[in-house]
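Enquirer: First to last, the protein sequences are chains A and B. Just so it is clear: in the first sequence, position 17 is 17 by my numbering, and no numbers are missing. To get my numbering, take the position in the second sequence, counting from 1, and add 145. Glycine included, C-beta positions come from ideal geometry on N, C-alpha and C. The structure displayed is predicted, hence computed values, not measured ones.
Protein chains: 2
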Amino acid sequence: MISRTASIALRALLCIAERQELGPVSAKVLARNLELPRNYLSKTLYRLVQGGLLQTTRGRGGGYLLTAPAAEVSLGRIVDVIDPDGSQRRCLLGRPECSDSSPCAMHGRWCEVREAIDRFFAETTVGDLLRPPAPDHRGRSSIHT
Amino acid sequence: MISRTASIALRALLCIAERQELGPVSAKVLARNLELPRNYLSKTLYRLVQGGLLQTTRGRGGGYLLTAPAAEVSLGRIVDVIDPDGSQRRCLLGRPECSDSSPCAMHGRWCEVREAIDRFFAETTVGDLLRPPAPDHRGRSSIHT
DNA sequence: CGAATAAATCATATCATCATGATGTTATCC
DNA sequence: GGATAACATCATGATGATATGATTTATTCG
Numbered sequence: 001m002i003s004r005t006a007s008i009a010l011r012a013l014l015c016i017a018e019r020q021e022l023g024p025v026s027a028k029v030l031a032r033n034l035e036l037p038r039n040y041l042s043k044t045l046y047r048l049v050q051g052g053l054l055q056t057t058r059g060r061g062g063g064y065l066l067t068a069p070a071a072e073v074s075l076g077r078i079v080d081v082i083d084p085d086g087s088q089r090r091c092l093l094g095r096p097e098c099s100d101s102s103p104c105a106m107h108g109r110w111c112e113v114r115e116a117i118d119r120f121f122a123e124t125t126v127g128d129l130l131r132p133p134a135p136d137h138r139g140r141s142s143i144h145t
Numbered sequence: 146m147i148s149r150t151a152s153i154a155l156r157a158l159l160c161i162a163e164r165q166e167l168g169p170v171s172a173k174v175l176a177r178n179l180e181l182p183r184n185y186l187s188k189t190l191y192r193l194v195q196g197g198l199l200q201t202t203r204g205r206g207g208g209y210l211l212t213a214p215a216a217e218v219s220l221g222r223i224v225d226v227i228d229p230d231g232s233q234r235r236c237l238l239g240r241p242e243c244s245d246s247s248p249c250a251m252h253g254r255w256c257e258v259r260e261a262i263d264r265f266f267a268e269t270t271v272g273d274l275l276r277p278p279a280p281d282h283r284g285r286s287s288i289h290t
C-alpha cells in the first residue's frame, strides 16, 4: 500500500507532533521511540525536510519541528514526499493511460475503491490522529463520556 | 497496491479466460498479447499453476487453462498467489499486531478503507471482468437472475 | 577558542523484485 | 523413434528499496 519508508515517515511525524510542544525532537529521541537505526531515520527525516514538512535546528537542543500545524498536514502529503510515484495506486493492470475514457477491464469497479483511498489520505491529517481514535461501533467498547 | 508481477498475473488470467474456449492458450500467444518476454511470463504462469489457478498441457496444441470457471476465480486469490504477504495492506504504520483490540492511531479510520479494498478483491471475479463494464448502455447489464 | 551536540552527507552493504537467456523435460504428431 | 511444440527450470544480471556505519558541517555552551 505504502512503502515501509513511508510508514516510518508517518510514525516519525506523529511522534514529532506529539512531542514538539516541549521543543525540537531530536533524531536520537525518535530513533529510541520508533526503535529504528538513527542514521536510517535521519535520512528519511531529511527527505521530509526537503519536502517542506519539517524544519530543523542543529546544535544543542536542536531537532525537528513541524513546519505547519498538525491539523493542516494531510497523510497524503507525507506519503507523496516519500513515495512520489503515487500512481502506484492507479491502474491495477498497470496501464499508464487508464482513465474513464480509456478504461481497463477493472476501471469502473476499482475507481470507487481507489477514490475511497485517495479521500482517506487527502482528508486525514496528523492532527486527527493525535486525539484518541474516534470511538466507533467496532470493538464494543462500553466507555461512556 | 499490488506488485507488477501480480498485475501481469491478472492480465494473463484475463487473457486466458477470454480465449480458452478455443483450447489451451500458449505462453507464446500470451507473451505476444501482453507484450512481455516469454520466459518471464512463463515463470509467473507457473506460479499460478502451483497456486492451483491454472492447469497446463504440454506438447503440440498445449498451453494454459483455468482450473475453475472464471466466475469462481476472485481477483484476491490471484493476487494472494503472487503477493503472498497480503498483510502489506494491513496496518499503515507497519504494526504486525494492529487490531481492533490493539489499534494504532489510524486503525479506526483506515479499517473502513481497507475493508472496501478487501471486499473489492474478494468479490470481483475474473468472470465479472470478461463482460464489458456496461457503460451508458441499457439492457446488457441487467442480468440479475 | 574548543568541546559537545545534532543534523547532513557519503560510502557501502544487503535484499527482494524484476528481467533475460539458455537449457531441460514432457507430450504430440508423423 | 525422431522432429517439433510447449511448459519447466536454472543461472545470471539489473535495479531499486532498505539498511548500516563513518564522516562532515553547523550550532550552542562554557
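Check whether chain B comes within 7 Å of Leu30 of chain A, counting only Cβ atoms and requiring the distance to be less than that.
Expert: The residue labelled residue 30 of chain A in the question sits at position 30 within the first sequence. It does not: the Cβ of Leu30 of chain A has no partner Cβ on chain B nearer than 7 Å.
Enquirer: Should Leu130 of chain A be labelled buried (16 or more other beta-carbon atoms within 10 Å of its own) or exposed?
Expert: Locating residue 130 of chain A in the first sequence gives position 130, where the first residue counts as 1. When all chains shown are included, Leu130 of chain A counts as exposed.
Enquirer: Give a yes or no on whether the C-beta atoms belonging to Ala215 of chain B and Gly272 of chain B are separated by under 7 Å.
Expert: One-based indexing of the second sequence puts residue 215 of chain B at position 70. One-based indexing of the second sequence puts residue 272 of chain B at position 127. Cβ atoms of Ala215 of chain B and Gly272 of chain B: closer than 7 Å.
Enquirer: Alpha carbon to alpha carbon, how far is Glu217 of chain B from Ser3 of chain A? Give it in angstroms, no decimals.
Expert: Taking the first residue of the first sequence as 1, we reach residue 3 of chain A at position 3. Taking the first residue of the second sequence as 1, we reach residue 217 of chain B at position 72. Their Cα atoms are separated by approximately 32 Å.
Enquirer: So Gln200 of chain B is in the beta strand (DSSP E); what residue range does that whole segment cover?
Expert: Against the second sequence, residue 200 of chain B aligns to sequence position 55. It spans Leu199 to Thr202 - the beta strand (DSSP E) in which Gln200 of chain B sits, taken as one unbroken run.
Enquirer: At a cut of 8 Å, does the segment 55-67 of chain A reach the segment 23-39 of chain A through at least three beta carbon pairs?
Expert: Yes, they touch.
Enquirer: Nearest-angstrom Cα distance between Asp80 of chain A and Ala17 of chain A?
Expert: If you number the first sequence from 1, residue 80 of chain A lands on position 80. If you number the first sequence from 1, residue 17 of chain A lands on position 17. Asp80 of chain A and Ala17 of chain A: Cα-Cα distance of roughly 19 Å.
Enquirer: Taking 7 Å as the CB-CB limit, is Val113 of chain A close to chain B?
Expert: Translated into positions along the first sequence, residue 113 of chain A becomes position 113. With 7 Å as the cut-off, Val113 of chain A counts as an interface residue toward chain B.
Enquirer: Here's the rule I'm using: 16 or more other beta-carbon atoms within 10 Å means buried, otherwise exposed. How should Arg264 of chain B be labelled?
Expert: Along the second sequence, read from residue 1 onward, the residue named residue 264 of chain B stands at position 119. Under this definition Arg264 of chain B is an exposed residue.
Enquirer: Strictly under 7 Å for the Cβ-Cβ distance: is Gly197 of chain B near chain A by that measure?
Expert: For the purposes of this step, residue 197 of chain B is taken as the residue at position 52 of the second sequence. Not closer than 7 Å to any Cβ of chain A, the Cβ of Gly197 of chain B fails to qualify, so no.
Enquirer: I want to know whether the segment 231-245 of chain B touches the segment 5-20 of chain A - three or more CB-CB distances under 8 Å.
Expert: A contact exists between the segment 231-245 of chain B and the segment 5-20 of chain A.
Enquirer: In chain A, which residues lie with their C-beta within 9 Å of the C-beta of Thr269 of chain B?
Expert: On the second sequence, residue 269 of chain B is found 124 positions in, with the first residue counted as 1. Within 9 Å Cβ-Cβ: Met106, Arg109 and Trp110.
Enquirer: So for Ile82 of chain A, helix, strand or coil by DSSP?
Expert: To locate residue 82 of chain A, count along the first sequence from 1; it is residue 82. It is helical.
Enquirer: How many whole angstroms separate the CB atoms of Thr212 of chain B and Gln200 of chain B, which I take to be in contact at a CB cut-off of 8 Å?
Expert: As a working mapping, residue 212 of chain B is identified with position 67 in the second sequence. As a working mapping, residue 200 of chain B is identified with position 55 in the second sequence. The pair is a contact, with the Cβ atoms about 5 Å apart (cut-off 8 Å).
Enquirer: Counting only Cβ-Cβ distances shorter than 8 Å, please list the residues of the segment 1-35 of chain A near chain B, keeping chain order.
Expert: Listed by position, the residues of the segment 1-35 of chain A near chain B (Cβ gap below 8 Å) are Met1, Ile2, Arg4, Ser7, Ile8, Leu10, Arg11 and Leu14.
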